[in-house]
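Protein chains in written order, with full-length UniProt numbering: chain A, 1 to 220; chain B, 1 to 255.
Every residue gets a Cβ at the ideal spot worked out from N, C-alpha and C, and that includes glycine.
Bear in mind the structure is a predicted one, so any value in this text is a computation, not a measurement.
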Amino acid sequence: MGYTLNFSAVWRSFDLLLQGLALSLGLAVMGIAIGCVIGLVTAFGLLSKNALLRRPAQLYVTIIRNTPILVLILFAYFALPQMGVRLGKIESFVATLAVYSGAYLAEIFRGGLLAVPRGLKEAGLAIGLRQSQIRNTIVIPLMLRNVLPSLSSTLISLFKDTSLAAAIAVPELTFEARKINVESFRVIETWIITSLLYVATCTVLAALLRRLEKRMSIPR
Amino acid sequence: MTNLLEIRDLHKRYGDVEVLKGVDCAMAQGDVISIIGSSGSGKTTMLRCINMLEDFEGGTIRIDGEEIGYDTAGGRRRRKKEKEIARQRAMTGMAFQQFNLFPHMTAAHNVMLGLVKVKGMGRDEARGLAEKWLDRVGLAERRDRYPGQLSGGQQQRVAIARAIAMNPKLMLFDEVTSALDPELVNEVLQVIKDLAADGMSMLLVTHEMRFAYEVSTRVIFMNQGRIGEEGNPREMFVKPQTERLAEFLMNSTFN
Ligand SMILES: Nc1ncnc2c1ncn2[C@@H]1O[C@H](COP(=O)(O)OP(=O)(O)OP(=O)(O)O)[C@@H](O)[C@H]1O
Ligand SMILES: [Mg+2]
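And the structure:
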């Protein structure tokens, strides 16, 4: 094969890739942030003694975890408008990522909540704290510490899922890469650089999460 | 004068099993009552009903004349609102067998939490009070340590300081030395003795017979969900009236 790598076309459009990457990160942060809230509420629902709270939570988690994310993205962007819910591309994708990540985070948070000893809640009750105060000052802080180690791989996986937004033409990293690929015919170069950008971002993300984990760890 | 604590005909069941079968008990201000009895006789359950960590199906518990946990009006019994129960729980303090310190907070923060969140105290005032009580249990220089950095005995003393700092009318202790290595038991018992000397009203479940004998103004012997016998420690330990208690005391160690 007489192919010589030539990156000049890719470098010329490099700022487009970086813009794409910035959008990818933005989508991930927004989607996952909302997903955390959904996941937290759902996790409490999953553990509720009240079936009216528990059943919907279980149903939500089951449906989302058994549907490919690409199907959810396409559903939100193409089917929802037919049902009267009209969202822009970006909003639609962020909402999808939030709902998708919420289901996975709910399962993780549920495990973390179960690992908080019952005696600590009782100690909180015994000094006169109300349920909501116990939840906010004792249960959630300890749950977060419990889940942080296992959260890292999920968050990275969710970040990579933003590449699927290309399917509905959201101009994130993968979408921009495909455009450069088509315009420059530098197929190999384009995808090498794009892959490296993903790898670099995920590595930084993992390092940041490890730092956070260290900072939040309880001295002993 | 109204009793500090008055329990009438307390009934509690877990599913089909009746664990408390009609317990009556009255306690005056400044009383130190030890609750002894074999495993499963309902000692823990009785304490946990007093601060509503457990709901109960029958009977009344009053602290300073105020009915705990339930409103009975016109023969109808209704559980009080959560907020009201939280306020009533703050009238008692509790120390647990497993300490149950909040592991992500320093000793001082453990003590401060209730002062700030329940009593609405400012952080500086709460910190001052926390330091005072940690000093009282001999842990002044450990106040910025986390529970994981303290021995079991130290953790239990922090837990007691956390409860006492809330200025409860009544302290509940549930086998607070059972999870401790033998050499750490005395430092905790000493703290309780100091509290007794200060006139703190206390209800303590214990397997430390010598301690119960020394510190109590009265002893209650629980037997199969009922009060089997009660009296002052000298009479009870020396001349048990029931065979059950005699048997129980024979199988207990005094050390
Ligand atoms: N959460 C629960 N669910 C079901 N049964 C329970 C529960 N807690 C306690 N019991 C039962 O109630 C009975 C009384 O228990 P309790 O813990 O009050 O005994 P105790 O006198 O404190 O015993 P010990 O000396 O072992 O601590 C026991 O038979 C116990 O098995
Ligand atoms: Mg017990």
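For residue i, which residues of its own chain have a beta-carbon under 7 angstroms away from its beta-carbon, when the five flanking residues on both sides are left out?
i	result
A:L197	L17, L21, L173
B:I85	M52, G69
A:R54	G45, L46, S48
B:N223	G37, S41, R244
residue 292 of chain B	Examination of residue 292 of chain B is not possible in this model, given that chain B is present from 1 through 255 alone.
B:K12	V19, L20, T45, C49, E54, F56, E57
A:F78	none
Return the bridge partner residues of residue i from the DSSP annotation.
i	result
B:T217	In DSSP, B:T217 forms no bridge with anything.
B:I33	B:L203, B:R218
B:A196	According to DSSP, B:A196 bridges with nothing at all.
B:T92	B:L170
residue 281 of chain B	Any question about residue 281 of chain B goes unanswered here, given that chain B covers just 1 to 255.
B:R78	B:D71
Who are the Cβ neighbours of residue i in its own chain at under 8 angstroms, not counting the five residues just before and after it?
i	result
B:T106	R143, D144, R145, Y146
B:L249	M209, F237, P240
A:I188	Y3, L5
A:V116	I138, V139, L142, M143, N146
Taking only three categories from DSSP, how would you classify residue i?
i	result
B:T2	coil
B:H11	strand
B:K21	strand
B:A165	coil
B:E131	helix
B:A73	strand
B:T60	strand
A:G102	helix
A:E91	helix
A:T218	In the sequence under discussion, the amino acid at residue 218 of chain A is Ile, which differs from the Thr named in the question. Note: A:I218 maps to coil in three-state DSSP.
A:E183	helix
B:I227	strand
B:K66	As written in the sequence, residue 66 of chain B is Glu, which differs from the Lys given in the question. Of the three classes helix, strand and coil, the one that applies to B:E66 here is strand, per DSSP.
B:E235	helix
B:K119	coil
A:A169	coil
A:V61	helix
A:V29	helix
A:T67	coil
A:S24	helix
A:K121	helix
A:K49	coil
B:P103	coil
A:N6	coil
B:V111	helix
A:L164	helix
B:Q154	helix
B:M209	helix
B:E183	helix
B:I160	helix
A:V139	helix
Note down, in chain order, each residue of its chain lying with its Cβ closer than 6 angstroms to the Cβ of residue i, except the 5 sequence neighbours on either side.
i	result
residue 234 of chain A	Past the edges of chain A, shown from 1 to 220, lies residue 234 of chain A, and the structure says nothing about it.
residue 259 of chain B	Summary: the structure shown does not reach residue 259 of chain B, with chain B confined to residues 1 through 255, and so no result is reported for it.
B:L203	I33, L172
A:G39	G102, L105, A106, F109
A:L148	E213
A:V37	none
B:G199	G30
B:K169	M91
A:F175	A166
Could you name the residues of chain E that residue i contacts, counting a contact when the two beta carbons are closer than 9 angstroms?
i	result
A:I192	In the displayed structure, chain E is absent; the protein chains listed are A and B.
Considering only heavy atoms of ligand 2, list every residue whose Cβ is less than 7 angstroms from one of them, following chain order.
Contact residues of ligand 2 (beta-carbon closer than 7 angstroms to any heavy atom; chain order) are B:K43, B:T44, B:D174, B:E175, B:V205.
So, do the segment 101 to 118 of chain B and the segment 184 to 201 of chain B have three or more beta carbon pairs nearer to each other than 8 angstroms? Contact fails between the segment 101 to 118 of chain B and the segment 184 to 201 of chain B, because fewer than three Cβ pairs, one in each stretch, are under 8 angstroms apart.
> Should the segment 57 to 72 of chain B be regarded as contacting the segment 100 to 118 of chain A, the criterion being three or more beta carbon pairs within less than 8 angstroms?
Replying inline: Here the segment 57 to 72 of chain B does not lie against the segment 100 to 118 of chain A, with fewer than 3 beta-carbon pairs under 8 angstroms apart.
Requested in this report: Please confirm if the segment 147 to 167 of chain B is in contact with the segment 178 to 187 of chain B, defined as three or more CB-CB distances below 8 angstroms between the two stretches.
Outcome: By the criterion of at least three beta-carbon pairs nearer than 8 angstroms, the segment 147 to 167 of chain B is in contact with the segment 178 to 187 of chain B.
_Contact between the segment 228 to 237 of chain B and the segment 203 to 220 of chain B is defined here as three or more beta-carbon pairs at a separation below 8 angstroms; is this criterion met?_
Touching, per the Cβ criterion.
query: Counting Cβ pairs, one atom from each stretch, are 3 or more of them under 8 angstroms apart for the segment 120 to 139 of chain A and the segment 157 to 170 of chain B?
result: Contact holds between the segment 120 to 139 of chain A and the segment 157 to 170 of chain B, because three or more Cβ pairs, one in each stretch, are under 8 angstroms apart.
Self-check item: Validate contact between the segment 62 to 75 of chain A and the segment 86 to 99 of chain A using beta carbons, cut 8 angstroms, 3 pairs
Solution: Taking one beta carbon from each stretch, the segment 62 to 75 of chain A and the segment 86 to 99 of chain A have 3 or more pairs nearer than 8 angstroms; the two touch.
Practice item. Kindly confirm or deny that the segment 154 to 170 of chain A and the segment 21 to 37 of chain A touch, where touching means at least three C-beta pairs closer than 8 angstroms. Key: With a cut-off of 8 angstroms, the segment 21 to 37 of chain A and the segment 154 to 170 of chain A count as touching, because enough Cβ pairs lie within range.
Exercise. Do the segment 8 to 17 of chain A and the segment 170 to 184 of chain A meet, that is, are 3 or more Cβ pairs less than 8 angstroms apart?
Worked result: Here the segment 8 to 17 of chain A makes contact with the segment 170 to 184 of chain A; the two share three or more CB pairs at distances below 8 angstroms.
Report task. Would you be able to state if there are at least three C-beta pairs under 8 angstroms between the segment 121 to 137 of chain B and the segment 45 to 60 of chain B? Result -> Three or more beta-carbon pairs separated by less than 8 angstroms are not found between the segment 45 to 60 of chain B and the segment 121 to 137 of chain B, which leaves the two stretches without contact.
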